[in-house]
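To get the numbering used here, take the position in the sequence shown, counting from 1, and add 910. Ideal Cβ placement from N, Cα and C applies to all residues, glycine included. All values reported here derive from a predicted model rather than from experimental measurement.
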Amino acid sequence: MQHNYFDTSTTIIASATATGGAVMVVRLCGERAIEIADAMFRGRQPLSVAKGYTLHYGTIVRTTGEVIDDVVAALFRAPHSYTGDDIVEFTLHGSEYITSEVIRLAIEHGAVMATPGEFTRRAFLAGKMDLSRAEAVADIISSDSAWSHNVASTQMRGDYSNRLSALHDELVRLCSLLELELDFSEEDVEFANRDTLNKLLQDIDDSVRELKSSFAIGNVLKNGVSVAIIGEPNAGKSTLLNTLIGDDCAMVSDIAGTTRDTIEATTTIDGIRFRFVDTAGIRTTDDTLEQMGIDRAMRAIERANIIVHVAPVDNPKYDDISIRDNQRYIRVINKIDTSTSSKFEADNDTLTISAKYGDGIDELRAHLRSVVDTSQLSSGSVVVSNMRHYAALSDAAEALNDARRAMRSGLPADLISEDIRRVIHHIGEITGEITSDDILHSIFSKFCIGK
Ligand code: GDP
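Here it is, written out as structure tokens:
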């Protein structure tokens, strides 16, 4: 049975776990969850008479009376559940067959298959969490390093939402002070001293800017630090990538131009994920295929947070490349094992390594890690890691700028408050107070089924 994505009256079912474990959990959620569960579950008592937050041992039986599996049912009664609805979670033996049979049976009894992210979307629509926390649920599930987990879990626990909600309250206060002044404009009274308003506006502006600027680190923690490995053909770039990653995912050979395309691999260094891109050797070529690789390499270099420029010890020259302000550039002299002379000089940003034999690799790793400054982040500090939020904060910052300009030029209160309302609007986009169905759809459709 198909159901409308925005209809929350249906009772939905999905597996909440991936295959391969010893047990699997199937989650039934909605107005008829308990009734449908009772139609297929045989325990010591029907779930309809049981209290919430209780576990029940029993069996799942087909309509023919045949037992499918021995299960444990966990009962959550509305509104005290993840989504705010009645929820029954069956813990089954970890078999894909059993899981699909239980789901099929629930559908026979009137449940419908959940769409991606539907459980979390229901939780959001029921006011159980704001949108930023709902999005953090997806982030926490996909987090693959200590720091990305840290950022997502702070967001999910609500520290970020609390910060936004404090900001929202301040903005509303500012607006009401301005609008109060407006109500009494005939009498030419200034209710709020302009200095006080200015100070309030300044504090809000600082707060928005701080959140906005945290995206630089937040984005890196969530998506990983991108490192482009560049250099002439045969400098040892692929060998370096293999050594850093620890397996043979890049092609290594003596023929110049072997790395025809960019090769990407990730590894975690001290809780931070790094994404290494081994670029095609950049040189003039007539080979179209190689040229495509070179173009791609150029784009990878533009996007990288860190550029590692590799040159062999017998020819340690580095062509000039343009580096953006926020990019870090590290020179690496490779094949140190083949040299006995000291005609090269290592300094703070030039490291000497042997990609093939591993000399200097730990130092390079440590150097890469030191580029990411996490010293400002105590656990629990609020960091913006979501592109959608960053865009909304940028819009909010722009509206705040307009408000400050209006205030400075002594414009009437109603114009200033209009700008402040725009700021409130953009903050509301992050928490989901102001969100279109399309945005909700695009956010939750990226979740897996069962979340
Ligand atoms: P790329 O074209 O820059 O990716 O270079 P490769 O990684 O394919 O390496 C080119 C050649 O240099 C291969 O034969 C590697 O085994 C060799 N090579 C790479 N690094 C080292 C090193 O540290 N020491 C020595 N002796 N040979 C190396």
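(request) Would you check whether ligand 1 has a heavy atom nearer than 7 Å to the C-beta of Lys1227? (result) Position 317 of the sequence shown, counted from the first residue, corresponds to residue 1227. Checking the Cβ of Lys1227 against ligand 1 gives no.
(request) Compare the beta carbon distance of Ile1211 and Tyr1239 with 8 Å and say whether it is the shorter of the two. (result) Looking up residue 1211 in the sequence shown gives position 301. Looking up residue 1239 in the sequence shown gives position 329. Not in contact: Ile1211 and Tyr1239 (Cβ atoms no closer than 8 Å).
(message) So, under 8 Å CB-CB, Val1187 and Ile1155 are touching, yes? Tell me the CB distance rounded to an integer number of Å.
(response) Here residue 1187 corresponds to residue number 277 of the sequence shown, with the count starting at 1. Here residue 1155 corresponds to residue number 245 of the sequence shown, with the count starting at 1. With a Cβ gap of about 12 Å, Val1187 and Ile1155 do not count as contacting.
(message) Let me confirm a value: Pro1222 is counted as buried when at least 16 other C-beta atoms fall within 10 Å, else exposed. Which label applies?
(response) Translated into positions along the sequence shown, residue 1222 becomes position 312. Buried, by the Cβ-count rule.
(message) Can you tell me whether Pro1226 is buried or exposed? The criterion is at least 16 other CB atoms within 10 Å of its CB, across all chains shown.
(response) Start at 1 with the first residue of the sequence shown, and residue 1226 comes out as number 316. Buried, because 16 or more other Cβ atoms sit within 10 Å of the Cβ of Pro1226.
(message) Would you say the beta carbon of Gly1004 is closer than 7 Å to some non-hydrogen atom of ligand 1?
(response) As a first step, residue 1004 is located in the sequence shown; it is residue number 94 there, counting from the start. Not so, every heavy atom of ligand 1 lies at least 7 Å from the Cβ.
(message) Whole angstroms are fine: how far does the CA of Ile946 sit from the CA of Gly1004?
(response) Counting from one through the sequence shown, the residue named residue 1004 turns up at place 94. Counting from one through the sequence shown, the residue named residue 946 turns up at place 36. Between Gly1004 and Ile946, the C-alpha separation is close to 22 Å.
(request) Starting from the C-beta of Ala924, find all residues in its chain whose C-beta is less than 8 Å away, skip the five residues before and the five after it, and write them out in chain order. (result) Here residue 924 refers to the residue found at position 14 of the sequence shown. Setting aside the 5 residues that flank it on each side, Ala924 is surrounded in the same chain by Val936, Arg937, Ile1013, Met1023, Ala1024, Glu1028, Phe1029, Ile1359 and Gly1360, each with a C-beta closer than 8 Å to its C-beta; the list follows chain order.
(request) Put Gly975 into one of helix, strand or coil per three-state DSSP. (result) If you number the sequence shown from 1, residue 975 lands on position 65. Looking at Gly975 - three-state DSSP - the assignment turns out to be coil, as it is neither helix nor strand.
(message) Can you determine whether any heavy atom of ligand 1 sits closer than 7 Å to the C-beta of Ala1210, and answer yes or no?
(response) The count along the sequence shown starts at 1 and reaches residue 1210 at position 300. Checking the Cβ of Ala1210 against ligand 1 gives no.
(message) Quick check: the Cα distance between Ile922 and Ala960, rounded to an integer number of angstroms?
(response) Stepping through the sequence shown from its first residue, residue 922 is reached at position 12. Stepping through the sequence shown from its first residue, residue 960 is reached at position 50. Looking at the two C-alpha atoms, the distance is approximately 21 Å.
(message) Would you say the beta carbon of Ser1136 is closer than 7 Å to some non-hydrogen atom of ligand 1?
(response) As a first step, residue 1136 must be located in the sequence shown, where it is residue number 226. For ligand 1, not one heavy atom lies less than 7 Å from the Cβ of Ser1136.
(request) Check whether the Cβ atoms of Gly1146 and Ala1313 lie closer than 8 Å to each other. (result) Position 236 of the sequence shown, counted from the start, is the residue given in the question as residue 1146. Position 403 of the sequence shown, counted from the start, is the residue given in the question as residue 1313. Contact check for Gly1146 against Ala1313 fails: the beta carbons are separated by 8 Å or more.
(message) If you measure between the beta carbons of Thr920 and Leu1035, is that distance less than 8 Å?
(response) For the purposes of this step, residue 920 is taken as the residue at position 10 of the sequence shown. For the purposes of this step, residue 1035 is taken as the residue at position 125 of the sequence shown. No; because the gap between Cβ atoms is not below 8 Å, this pair is not in contact.
(request) Please classify Arg1234: does DSSP put it in a helix, a strand, or coil? (result) Start at 1 with the first residue of the sequence shown, and residue 1234 comes out as number 324. In the structure shown, Arg1234 sits in coil (DSSP, three-state: anything other than H, G, I, E or B).
(request) Count the other CB atoms, across all protein chains shown, that sit within 10 Å of the CB of Gln955; report buried if there are 16 or more and exposed otherwise. (result) As a first step, residue 955 must be located in the sequence shown, where it is residue number 45. With fewer than 16 other Cβ atoms within 10 Å, it is exposed.
(message) Between the alpha carbons of His1019 and Ser1063, how many angstroms are there, rounded?
(response) What you label residue 1019 is simply residue 109 of the sequence shown in a count that begins at 1. What you label residue 1063 is simply residue 153 of the sequence shown in a count that begins at 1. Distance between the alpha carbons of His1019 and Ser1063: 37 Å.
(request) Look at the Cβ atom of Val1061, then the Cβ atom of Gly1128, and state whether they are nearer than 8 Å. (result) In the sequence shown, residue 1061 corresponds to position 151, counting from 1. In the sequence shown, residue 1128 corresponds to position 218, counting from 1. Yes.
(request) In angstroms with no decimal places, state the Cα-to-Cα distance between Gln912 and Ser1055. (result) Translated into positions along the sequence shown, residue 912 becomes position 2. Translated into positions along the sequence shown, residue 1055 becomes position 145. Confidence at Gln912 is low in this model, with a pLDDT of 43, below 50, so its placement is unreliable and no value can be given for it.
(request) Mind checking which residues open and close the beta strand (DSSP E) that includes Asp1188? (result) Reading the sequence shown from its first residue, position 278 is the one you call residue 1188. Start and end: Ile1182 to Asp1188.
(request) With distances taken Cα to Cα, identify the nearest neighbour of Ala1276 among Arg1331, Thr1178 and Val998. (result) As a working mapping, residue 1276 is identified with position 366 in the sequence shown. For Ala1276, the nearest C-alpha among the options comes from Thr1178.
(request) Put His990 into one of helix, strand or coil per three-state DSSP. (result) As a working mapping, residue 990 is identified with position 80 in the sequence shown. Correct three-state label for His990: coil.
(message) In this structure, how does DSSP classify Tyr967 when only helix, strand and coil are distinguished?
(response) On the sequence shown, position 57 is the one that residue 967 refers to. Strand.
(request) Can you tell me which of the three DSSP states Phe1357 falls into? (result) For this step, residue 1357 is matched to residue 447 along the sequence shown. Correct three-state label for Phe1357: coil.
(message) Short of 7 Å in beta carbon distance, which residues of its chain neighbour Thr1153, apart from the five on each side in sequence? Order them along the chain.
(response) Locating residue 1153 in the sequence shown gives position 243, where the first residue counts as 1. Hits under 7 Å: Ala1265, Gly1268 and Ile1271.
(request) Taking Arg937 as part of the beta strand (DSSP E), name the residues at either end of that continuous run. (result) On the sequence shown, residue 937 is found 27 positions in, with the first residue counted as 1. From DSSP, the beta strand (DSSP E) with Arg937 extends over Val933 to Cys939.
(message) Please report the distance separating the alpha-carbon of Ser1352 from that of Asp1247.
(response) Translated into positions along the sequence shown, residue 1352 becomes position 442. Translated into positions along the sequence shown, residue 1247 becomes position 337. Cα to Cα, Ser1352 sits roughly 53 Å from Asp1247.
(request) Look up Tyr1070 in the DSSP assignment and give the residues it is bridged to. (result) Within the sequence shown, numbered from 1, the residue matching residue 1070 stands at position 160. Paired residues: none, contrary to the question.
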